[in-house]
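Structure first, then comments.
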RNA sequence: CGGGCUGUGGCGCAGCCUGGCUAGCGCGCUUGCUUGGGGUGCAAGAGGUCCCGGGUUCAAAUCCCGGCAGCCCGACCA
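Numbering (the working numbering), first residue to last: 4 to 483.
Take a look at the structure:
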């Protein structure tokens, strides 16, 4: 074995995840900085593709990128009561700078609602200034007690959208529009099916009126909150005195939203598609979609093979693996672990026959195609792979979504579930958005993931905890 | 932040309990030849603050104390 073997998913899911991240050249622990990671070349390249897909959609919906400071005066966070209460335990605070104790400490941003609120107040006077549609690509820091690469690290990369509107209706449209953007990227780019829903009051963002999320299911059946979109109401508008004068001449506080996705998406991607051989990347997200491995023995074969190989690689935009001193077999393993969707093999036999061998990552299937046909064939295979990965993930989600009609039943299903052993399910049950319900499922370490926006089941029913009438089933699961 | 496990060339480990000569092994790495359609073989080499800091001892990878980091569990969370 050239590199460390990958633990089987069935043996230990958590160890498998760690192995895939490491052997896929995605990231490694920063080791000298607690809870932080180094995002390595392959992992960062995937993040860059995600950024591009998201950023294009943000621009298309009228947002502009800006950048705000990393450091936020501590008093800013204290202006919104719920917000400070929610974030206080996980703040990193700068108290000394330039060799001197600061008069007012700074916090390293855990999110930027407050500092952006401050500037919105400065920039917004009239209804003509609205809506204000801003996005920021940034790093943030939350002092987490337990970290996992990509899924939860002390420092992480994300985007945070912040908007201000002249009415609550308009703000709500924005909240749901951006939730749709996230779902679109998750499903159509990442091939990761998600459930759109609203968080319970107990689970919502600190300082928001309402929080919406997309929830995905990992291969071990655990839920992953993959994106959030918040209706901030006028909470921050009031805290930072962001006021505008309406057409009618009335002075009112703005209605704000914020929404974000992070490098956590990369973790979700890994846990959605990868297998015991390593990383599997959906074609639309793969930084390298195809690699061509040339095969030869003697020098004259090499010359012949390389000539055709470099031409084909160039034609179809594949990376040519021309490393010397490594056998083709070693190269196959190398690219397999890194999740490259398609690997092409070209050797003397193919040269003689005018053929080329194509292998797809997710099935491991090999097919022989003509060299003339390969430029046409590769995109077909990639498209099919994208669809099959989504279908497999969707089937897993559907197969592991179950109904329950009593809290005991929910508990029976979810209590034994663990991250490393798996067996997770999305349990659909009628439950009220009430702190008693959140507390009850927490007894067996589960959470109400969301109240789905679309009811795919049987409509209203009685809450299995409080007995009160509710209009649909909620998603209950163990989560990352 | 509490509990458990772990930290030894790049990676995986042995040695630690029961302190003692030059710290081993497999893989990888370098050079050469060979091989090449799923991790080719042979030969010769390079590479180590034994996580860090104290302590005990004639002597510490090994024993003791403290710290740092990682993994798992718990509480908290994108």
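C-beta atoms are modelled at their ideal positions from N, C-alpha and C, and glycine is treated no differently.
From a predicted model like this one, the values you see are computed outputs, not experimental measurements.
Reduced DSSP category for residue 4 - H, G, I as helix; E, B as strand; rest coil
Confidence is the limiting factor: at residue 4 the pLDDT is only 38, short of 50, which leaves the residue's position unreliable, though a coordinate-based value still follows. In the structure shown, residue 4 sits in coil (DSSP, three-state: anything other than H, G, I, E or B).
Coil, strand or helix - residue 21 by DSSP:
Residue 21 carries a helical assignment under DSSP once its states are collapsed to helix, strand and coil.
Look at the alpha carbon of residue 144 and the alpha carbon of residue 339, and state the distance between them as a whole number of angstroms.
Approximately 33 Å, taken between the alpha carbons.
Beta strand (DSSP E) segments (min. 3 residues) lying fully within the stretch 85-110:
Listed in chain order, the complete beta strand (DSSP E) runs (minimum 3 residues) inside the stretch 85-110 are 96-100.
Quick check on DSSP: helix, strand or coil for residue 146?
Residue 146: coil per DSSP, three-state reduction.
If I'm right that residue 86 touches residue 94 with Cβ under 8 Å, what's the distance once you round it to whole angstroms?
In this structure residue 86 does not touch residue 94 by the C-beta definition: roughly 11 Å separates them, more than the 8 Å allowed.
Do residue 373 and residue 345 have their beta-carbon atoms positioned less than 8 Å apart in this structure?
No, Cβ-Cβ distance for residue 345 and residue 373 is not below 8 Å.
Straight-line Cα distance separating residue 288 from residue 249
Cα to Cα, residue 249 sits roughly 44 Å from residue 288.
Here's the rule I'm using: 16 or more other beta-carbon atoms within 10 Å means buried, otherwise exposed. How should residue 98 be labelled?
Residue 98 comes out exposed.
Which term fits residue 26, buried or exposed, when burial requires 16 or more other beta carbons within 10 angstroms of its beta carbon?
Classification of residue 26: buried, given that the 10 Å Cβ count is 16 or more.
Taking the CB atoms as reference points, tell me whether residue 236 and residue 257 lie closer together than 8 Å.
Not a contact, by the Cβ cut-off of 8 Å.
Take the Cβ of residue 286 as the centre, count every other Cβ of all protein chains shown within 10 Å, and call the residue buried at 16 or more, exposed below.
Using a 10 angstroms sphere on the CB of residue 286, the tally of other CB atoms reaches 16 or more, which defines it as buried.
Measure the C-alpha to C-alpha separation of residue 123 and residue 51 and round it to an integer number of angstroms.
Rounded to whole angstroms, the separation of the alpha carbons of residue 51 and residue 123 is 29 Å.
Use the C-beta contact count for residue 411: other C-beta atoms within 10 angstroms, 16 or more gives buried, fewer gives exposed.
By the 10 Å Cβ count, residue 411 comes out exposed.
Among 195, 129, 244, which one has its Cα closest to the Cα of residue 252?
For the set 195, 129, 244, the Cα lying nearest the Cα of residue 252 is the one of 129.
For residue 82, does the count of other Cβ atoms within 10 angstroms reach 16, so buried, or fall short, so exposed?
Burial state of residue 82 is buried, judged by a 10 Å Cβ sphere holding 16 or more other Cβ atoms.
Span separating the alpha-carbon of residue 4 from that of residue 280
Because the pLDDT of residue 4 is 38, which lies under 50, any placement of that residue in the model is unreliable, and the number read from its coordinates should be weighed accordingly. Here the C-alpha atom of residue 4 lies approximately 13 Å from the C-alpha atom of residue 280.
What are the boundary residues of the alpha helix (DSSP H) that includes residue 240?
First-last of the alpha helix (DSSP H) with residue 240: 238-242.
Look up residue 39 in the DSSP assignment and say whether it is helix, strand or coil.
In the displayed model, residue 39 falls within coil according to three-state DSSP, outside both helix and strand.
Residue 181 classed as buried or exposed, judged by whether at least 16 other C-beta atoms fall within 10 angstroms:
Counting Cβ neighbours within 10 Å, residue 181 comes out buried, since at least 16 surround it.
Put residue 203 into one of helix, strand or coil per three-state DSSP.
Coil.
What is the rounded straight-line gap between the Cα of residue 367 and the Cα of residue 388?
The straight-line gap from Cα to Cα measures roughly 11 Å.
Straight-line CA distance for residue 282 to residue 131?
Taking the straight line joining both Cα atoms gives about 49 Å.
Cβ pair residue 218, residue 453 closer than 8 Å:
Yes, the pair counts as a contact, with Cβ atoms nearer than the cut-off.
Answer yes if the stretch 386-403 comes into contact with the stretch 192-201, meaning at least three C-beta pairs across the two stretches below 8 Å, and no otherwise.
Output reads yes: the stretch 386-403 touches the stretch 192-201.
Compute the Euclidean distance between the alpha carbons of residue 139 and residue 299, then round it to the nearest angstrom.
In a straight line, the C-alpha of residue 139 is about 50 Å away from that of residue 299.
What's the call for residue 409, buried or exposed, on a 16-neighbour Cβ count within 10 Å?
Exposed.
How many Å lie between residue 480 and residue 353 at the Cα?
Straight across, the Cα-Cα distance linking residue 480 with residue 353 is about 51 Å.
In chain order, which beta strand (DSSP E) runs of at least 3 residues are fully inside the stretch 300-380?
Qualifying beta strand (DSSP E) stretches, in chain order: 345-349, 358-363, 369-373.
Applying the 10 Å Cβ sphere with the 16-neighbour rule, what's the burial state of residue 57?
Result: buried.
Provide the residue span of the beta strand (DSSP E) that contains residue 413, from first to last.
Run containing residue 413: none in the beta strand (DSSP E); it sits in the alpha helix (DSSP H), 410-417.
So residue 2 and residue 450 are supposed to be a Cβ contact under 8 Å. How far apart are they, rounded?
Given that the chain is displayed from residue 4 to residue 483, the structure contains no residue 2 and the question cannot be resolved.
Using the rule of at least 16 other Cβ atoms within 10 Å of the residue's Cβ for burial, across every protein chain shown, is residue 268 buried or exposed?
When all chains shown are included, residue 268 counts as buried.
Could you have a look at residue 453 and say whether DSSP puts it in helix, strand or coil?
For residue 453, the secondary structure class from DSSP, reduced to helix, strand or coil, is strand.
Neighbourhood of residue 406 by C-beta distance below 6 Å, restricted to the same chain and skipping five residues each side
These residues qualify, in order along the chain: 431.
Nearest-angstrom Cα separation, counted from residue 22 out to residue 296
Cα atoms of residue 296 and residue 22: separation of roughly 25 Å, rounded to the nearest angstrom.
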